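S.K.: Take the sequence shown: its position 60, counting from 1, is numbered 60 in the UniProt record's numbering, and each next residue is one higher.
This is the structure, below, for whatever I ask next.
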Amino acid sequence: MNIYQQIEAEIQAASNIIITAHKSADGDSIGSSLGLLHFIEKLGKKATVCHPDKAPNFLYWLDTSAILLMEETPEAVTNAFKHADLIFCLDYNATNRVGPEMQALLEECTVKKIMIDHHLNPEDFPFLTVSETSVCSTSQLIVELIEQSGSIHLLDENIGTPLYLGILTDTGNFRFNSVQPRTHEIIAKLLTAGVQHHLIHEKLNDTNTESRLRLQGYAMSQKLEILYDYNVAIISLSKEELATYNYKKGDTDSLANTALSIKGMKAAIVFTERDGIMKISFRSKGVENPVNILAANHFNGGGHANAAGGMSELSVQETLEKLKELIPQYFPKEQQN
Numbered sequence: 001m002n003i004y005q006q007i008e009a010e011i012q013a014a015s016n017i018i019i020t021a022h023k024s025a026d027g028d029s030i031g032s033s034l035g036l037l038h039f040i041e042k043l044g045k046k047a048t049v050c051h052p053d054k055a056p057n058f059l060y061w062l063d064t065s066a067i068l069l070m071e072e073t074p075e076a077v078t079n080a081f082k083h084a085d086l087i088f089c090l091d092y093n094a095t096n097r098v099g100p101e102m103q104a105l106l107e108e109c110t111v112k113k114i115m116i117d118h119h120l121n122p123e124d125f126p127f128l129t130v131s132e133t134s135v136c137s138t139s140q141l142i143v144e145l146i147e148q149s150g151s152i153h154l155l156d157e158n159i160g161t162p163l164y165l166g167i168l169t170d171t172g173n174f175r176f177n178s179v180q181p182r183t184h185e186i187i188a189k190l191l192t193a194g195v196q197h198h199l200i201h202e203k204l205n206d207t208n209t210e211s212r213l214r215l216q217g218y219a220m221s222q223k224l225e226i227l228y229d230y231n232v233a234i235i236s237l238s239k240e241e242l243a244t245y246n247y248k249k250g251d252t253d254s255l256a257n258t259a260l261s262i263k264g265m266k267a268a269i270v271f272t273e274r275d276g277i278m279k280i281s282f283r284s285k286g287v288e289n290p291v292n293i294l295a296a297n298h299f300n301g302g303g304h305a306n307a308a309g310g311m312s313e314l315s316v317q318e319t320l321e322k323l324k325e326l327i328p329q330y331f332p333k334e335q336q337n
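Right, here's the structure in full:
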C-alpha cells in the first residue's frame, strides 16, 4: 500500500474531516483545498474547509462558500476542530503558517493529521506526510493522491477546476522552473476530465478593476527603484498609498513578477504596509539567485528558492533601507564593461 492509498484509507475511516491551509490564501492553497474537498465528497465522505483568512478578490469566481474563516467565524472553526477526527494540512510545512489563532487549535487537537505540501523543511507533527519539494504545487499532489490511490475515475470538472487553478498560479502560468514533464501530464488528465482551461484563464486574468490597474500603474511609475549594480528591483507601498487606490486583497500580487520581467533583473522585492506590518514578496530568476534564504534570515519568512515571502515590523523607510543594506550580501555586483 503506497502512501496515497494509506491517505484514502484514512479518509474512508473518518467521519469529520477538516482541510486547513496557510494564512494569506493564494491560488494553490484555495485550489488544493477545494479540489480535495470535492474529491472527499465524491468518495461519499464529509469534510469542512477551515482557513485563517479570506481569499484574494481575483479568486472570488470560485465557489468559496464552503470555506469557514477563522477571522470571520472563529466559533464555527473552533467547533469544527472540536469534532474533527482527521485533519489535512495543505500547502504549509509548519503549524505557525496558519496564524496564531488556528495554530493553537491545530496543536491542541490530538487527532491524526496529514500534511500534503511542497515547501522545504517540513515539521514532523503530522501522522502522515507527503512532502515533495521538487513538485510545483500542492494542487499537483492532490491529483497524485486521486490517481495513485486508485480513484482517477472520480476526477471530474468540479474537482479538477480548482486544482488546475492551483497549478497555474503556483507556476506563474507554467513559466517557473518547478514545472516538470509530470506537471503537463497532470494537466492533460485535468483537461481529459473536463476542465475548461480557457475559462479559468479568462476568469483569473480578465478581472481587473480600475483601481487595481491604477495602483499597479502608480507602483511601477512612481515607486519602482532599480539597484542597477545588483539588478534588483524594489517596490514599496505605504498604507496611505494603498488607501488612495482603494486597495483590495490581491491587488498587488502580480507586481513582483512584473518588476522581475524587466530585462536583466535577477530579483524583485515588493513590500506593502498592511495590518501594522510590512508584508514582503520576493521573486527571482535562476538557481544562482535564491531569495528564500534572504527572507528566512532577515524577514521571518521563507518559501521556495525563487518565490518567497516575509514580513518586517519596521517602518516603510526603515524596511527599504534594511533591504538595500542586505542586497549586496545576497546578489553579486554586476561587472561593469
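All residues carry an ideal CB built from backbone N, CA and C; glycine is no exception.
Note that this is a predicted model, so its numbers are computed, not measured.
Our contact map puts residue 7 next to residue 87 with C-beta atoms below 8 Å; I'd like the distance itself, whole angstroms only.
M.R.: Incorrect: roughly 12 Å between the Cβ atoms, too far for contact.
S.K.: State the DSSP-derived secondary structure class of residue 319, mapped to helix, strand or coil.
M.R.: helix
S.K.: Only counting the same chain, and skipping five residues up and downstream in sequence, which positions put a Cβ closer than 6 Å to that of residue 211?
M.R.: 245, 246
S.K.: What residue from 309, 274, 158, 144 has the CA that sits closest to residue 182's CA?
M.R.: 144
S.K.: Roughly how many angstroms separate the alpha carbons of residue 234 and residue 176, rounded to a whole number?
M.R.: 20 Å
S.K.: Spell out the partners DSSP gives residue 277 in its beta bridges.
M.R.: 274
S.K.: Rounded to whole angstroms, what's the CA-CA distance from residue 282 to residue 256? Just pull it up for me.
M.R.: 7 Å
S.K.: Residue 184 to residue 317, Cα distance in whole Å?
M.R.: 43 Å
S.K.: For residue 125, collect the residues of the same chain with a Cβ closer than 7 Å to its Cβ; drop the 5 residues on either side in sequence, then sort them by chain order.
M.R.: Excluding sequence neighbours, residue 125 sits near 95, 113.
S.K.: On the premise that residue 142 lies in contact with residue 168, defined as a C-beta separation below 8 Å, what is that separation, rounded to the nearest angstrom?
M.R.: About 14 Å; that fails the 8 Å criterion.
S.K.: Who are the Cβ neighbours of residue 38 in its own chain at under 6 Å, not counting the five residues just before and after it?
M.R.: 158, 159
S.K.: Kindly confirm or deny that the segment 91–106 and the segment 121–137 touch, where touching means at least three C-beta pairs closer than 8 Å.
M.R.: yes
S.K.: Tell me the rounded alpha-carbon separation between residue 80 and residue 68.
M.R.: 9 Å
S.K.: Answer with buried or exposed for residue 331, where buried requires no fewer than 16 other C-beta atoms within 10 angstroms of its C-beta.
M.R.: buried
S.K.: Ends of the alpha helix (DSSP H) at residue 211?
M.R.: 210–218
S.K.: At the level of alpha carbons, what is the spacing between residue 29 and residue 47?
M.R.: 16 Å
S.K.: Could you check what DSSP says for residue 77 in three-state terms: helix, strand or coil?
M.R.: helix
S.K.: Measuring straight from C-alpha to C-alpha, what distance separates residue 117 and residue 224?
M.R.: 33 Å
S.K.: Opposite residue 112 in the DSSP bridges: which residues?
M.R.: Its beta-bridge partners are 86.
S.K.: Quick check: residue 165 and residue 62, are their CB atoms within less than 9 Å of each other?
M.R.: yes
S.K.: Where does the unbroken alpha helix (DSSP H) through residue 143 begin, and where does it stop?
M.R.: 138–148
S.K.: Which residues bound the beta strand (DSSP E) around residue 310?
M.R.: That run of the beta strand (DSSP E) goes 307–312.
S.K.: Exposed or buried, residue 306, counting other C-beta atoms within 10 Å across all chains shown (16 or more means buried)?
M.R.: buried
S.K.: Under 8 Å by Cβ, that's how I've got residue 304 and residue 289 pegged, so tell me the actual separation to the nearest angstrom.
M.R.: Contact flag wrong, Cβ pair sits at about 12 Å.
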